[in-house]
Each structure stands twice: as structure tokens, then as C-alpha cells.
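Heads up: the sequence shown is residues 443 to 520, going by my numbering.
I have placed the structure first, in the form of C-alpha cells, so that the comments after it can refer back to it.
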Amino acid sequence: MELPAYDLKTLFDQLGLPSEGSAIDDFIGAHPLDPGTKLIDADFWTPQQAQLLKEWLRADGEEAVMVDELNVRLHDGQ
């Protein structure tokens, strides 16, 4: 059985965020995080989105890798 491939598009889709075209880069550019702000504590997530991110990180699977990538990109602002 083949596992689903996770990428930022899939992550954004599951978070209910636009993921087509430049939407992901636009979101990241509009929501830079300060070094001291944890991804899950960012004020732009809904409570449901923050909870989903926490669950994915705890699961430590492919989803966690994509959450880590998003975290790095938001902290780098790119």
C-alpha cells in the first residue's frame, strides 16, 4: 500500500488555505514569524488549524516534515 505524498500544497489544503499558484508563497510572505514565536502559537491560525498542526507534529510522520518546512519558511520569511 502506497502512503500519500505530503507537500506544502497538501498541507495548505488540509488547513483549508488557498494552495494554488503563488498562494503558498503569498501566505508565507504575508505572515513572517519572529524568531521567538512558535509556529503553533502564531496569531494567524484558527484554533482548529493550530490544533491540527500540533497533532501532525506529535504524529512525527510525513505531515511533521511538511509542518517543519512551513515553520522554517515562515521564520525565514520566504
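Where a beta carbon is used, it is the ideal one built from N, C-alpha and C, also for glycine.
Here the structure is a predicted model, which means the values were calculated and not measured.
Under 7 Å between C-beta atoms of residue i and residue j
i	j	result
Leu499	Ala506	yes
Leu495	Val509	yes
Glu497	Tyr448	no
Leu450	Gln491	no
Simplified DSSP assignment, three categories, for residue i
i	result
Glu462	coil
Lys496	helix
Ala472	helix
Residue i versus residue j - alpha carbon distance
i	j	result
Leu475	Leu516	6 Å
Phe486	His473	8 Å
Asp455	Asp467	14 Å
Ala501	Pro460	24 Å
Limits of the unbroken alpha helix (DSSP H) element including residue i
i	result
Phe486	Here Phe486 belongs to no alpha helix (DSSP H), and DSSP marks it neither H nor E.
Leu512	Glu504 to Asp518
Thr452	Leu450 to Leu457
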